[in-house]
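**Q** Following this message is one structure expressed as structure tokens.
Numbering (the UniProt record's numbering), first residue to last: 1 to 449.
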């Protein structure tokens, strides 16, 4: 049977898809929040300039909230994580059962990093000369106190930086005047409240070095209409041409309808063809599922996903709208975190690769529901620039899709280094999330924020 929705002569919209939902759609999903921008161009200097990178370190990375780790990475008092961004390193520590603290990862004596890697400690002791601090940052011991009569040990505690948590994620902000994380996130927790990321675990964490500026990499995931050219295998089941794009204060999102035939799909695929594309089943292979007669691909995926998640949530899953079980809700929290909403597990993070503004690190997390006792978080797997995401089986078919994006990124960076055109040019709706990011970036870079 054909799957294309009939809306007459007008263009299909995401509202048309939501109107077919069998459950009440949350107001925040129906809400449209159009960005207000007065530009469609941005200088290429923000991708290739060393000076821009140096200013970004001071005015963005040191003044915003960014995702450092998950609370499950710090289950016991003394557990610690070393979080690095650009050439800055921070130590995040479980200092008490109900307290997480963060410090610049540097000894107050002569600057040696206090910790080189994640682990557990009863105290924070420098490996260079042995000076030590308690987990709460207060000074504990100097092996040669007679050498430091000028140091007031009561005032020689590690400088704390702001820590906040949301949805099981741990954020830090190096700005001593930072507003609380709750103020920074605004309405975001309301959007994610039902989706329960605090009750999920790290099923996988794969990071990879990319040969491009971090913004080149992140922007590849901040719009969906590239998929027709970059991910043609997804066009039969994802309506990229009717994505809803919304911009708030410190976060934005786009919503991609799934199991809906969009305007970029030529022809009218059958239910079987859509499910084959969704499940990555070749035409010479047997489809492992059998939809009921007359059941659309969207109806089938919604029903099967609802039953799968019933094992995690029980009958509470009946309160989830169909769209929350099948559509892609891709959020960006400024500056560099991209958690997905609904049933989706994905969460991305993008960081400069050390002090190199022409390479970056992309972290891919699968944040998954579980039953029974919380499992230990999956350890990070680090890939170099030449090792594809697709080599990691824990990412499933997502790995190959990510590699299609990565293939573009290096070419974009080379192109930006080569072009004589001084700007990039953005689309006026589908790329509003990117325009939102650059407008906010400019506000930080000019001191307006």
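Where is the CB? At the ideal position from N, CA and C, for every residue including glycine.
Given the structure is predicted, the values throughout are model-derived calculations rather than measurements.
1. Is the beta carbon of residue 210 less than 8 Å from the beta carbon of residue 360?
2. In angstroms, rounded to a whole number, what distance separates the CA positions of residue 444 and residue 58?
3. Anyone know if the C-beta pair for residue 17 and residue 398 falls short of 8 Å?
4. For residue 256, which residues in the same chain have their Cβ closer than 8 Å to its Cβ, ignoring the five residues on either side in sequence?
5. Any chance you could list the beta strand (DSSP E) runs of at least 3 consecutive residues sitting entirely within the stretch 339-412, in chain order?
6. Starting from residue 323 and walking both ways along the beta strand (DSSP E), at which residues does that stretch end?
7. In chain order, what residues of the same chain lie with their CB nearer than 8 Å to the CB of residue 156, ignoring the 5 residues before and after it?
8. Who pairs with residue 66 in a beta bridge, going by DSSP?
9. Please say whether residue 160 and residue 103 have beta carbons closer to each other than 8 Å?
10. Report yes if the CB atom of residue 249 is closer than 8 Å to the CB atom of residue 342, and no otherwise.
11. Residues in its own chain within less than 7 Å of residue 20 by CB, not counting five upstream and five downstream?
12. So is residue 191 buried or exposed if we call it buried at 16+ other beta carbons inside 10 Å?
13. Which of the three DSSP states, helix, strand or coil, is assigned to residue 435?
14. Quick check: the Cα distance between residue 1 and residue 287, rounded to an integer number of angstroms?
15. In three-state DSSP terms, what is residue 102?
16. Can you tell me where the alpha helix (DSSP H) holding residue 90 begins and where it ends?
17. Kindly indicate the opening and closing residues of the alpha helix (DSSP H) around residue 425.
18. If you count every other CB in all the chains shown that lies within 10 Å of the CB of residue 154, and 16 or more means buried, which is it?
19. Roughly how far, in whole angstroms, is the beta-carbon of residue 65 from the beta-carbon of residue 181, given that I think they are within contact range, below 8 Å?
20. Do the CB positions of residue 87 and residue 355 come within less than 8 Å of each other?
21. Run the CB neighbour count on residue 266, radius 10 Å, all protein chains shown included, and call it buried at 16 or more, exposed below.
22. Cα separation between residue 420 and residue 136?
23. Quick test of your reading: residue 424 and residue 45, contact by CB under 8 Å. State the CB separation rounded to the nearest angstrom.
24. Report the rounded CA-to-CA distance for residue 193 versus residue 340, giving the unit in angstroms.
25. For residue 452, which of helix, strand or coil comes out of DSSP?
26. Taking C-alpha atoms, which residue in 184, 77, 112, 117 lies nearest to residue 132?
27. What does DSSP give as the partner residue(s) for residue 205 in the beta ladder?
28. Rounded to the nearest angstrom, what separates residue 271 and residue 295 at their Cα positions?
29. Can you grab the Cα-Cα spacing for the pair residue 36 / residue 199, in whole Å?
30. Which residues bound the beta strand (DSSP E) around residue 235?
31. Between 129, 228, 158, which has its C-alpha nearest residue 145's C-alpha?
32. Using the C-alpha atoms, what's the distance from residue 227 back to residue 366?
33. Going by DSSP, what residues sit across from residue 451 in a beta bridge?
34. Does the Cβ-Cβ distance between residue 482 and residue 234 come in under 8 Å?
35. Mind checking who residue 82 pairs with in its DSSP beta bridge?
36. Report yes if the C-beta distance between residue 70 and residue 169 is below 8 Å; otherwise report no.
**A** This is what the structure gives:
1. yes
2. 10 Å
3. no
4. 224, 238, 239, 240, 243, 327, 328, 330
5. 346-353, 356-369, 380-383
6. Taken as a continuous stretch (DSSP letters only), residue 323 belongs to no beta strand (DSSP E), being part of the alpha helix (DSSP H) at 322-326.
7. 108, 139
8. 172
9. yes
10. no
11. none
12. buried
13. helix
14. At residue 1, the pLDDT of 42 sits below 50, so the modelled position is not reliable; the number obtained from the coordinates is stated separately. Roughly 16 Å between the two C-alpha positions.
15. strand
16. Segment 88-96 is the beta strand (DSSP E) holding residue 90; no alpha helix (DSSP H) there.
17. Per DSSP, residue 425 belongs to no alpha helix (DSSP H); it is in the beta strand (DSSP E), 423-425.
18. exposed
19. 5 Å
20. yes
21. exposed
22. 53 Å
23. In fact, because the Cβ distance is near 11 Å, the residues do not count as touching under 8 Å.
24. 13 Å
25. Because the chain in this structure spans residues 1 to 449, residue 452 falls outside the shown range and cannot be described.
26. 112
27. 365, 380
28. 8 Å
29. 35 Å
30. Here residue 235 belongs to no beta strand (DSSP E), and DSSP marks it neither H nor E.
31. 129
32. 21 Å
33. Residue 451 lies beyond the range of the chain shown here (1 to 449); nothing can be said about it.
34. Nothing can be reported for residue 482, as the shown portion of the chain is limited to 1 through 449.
35. 91
36. yes
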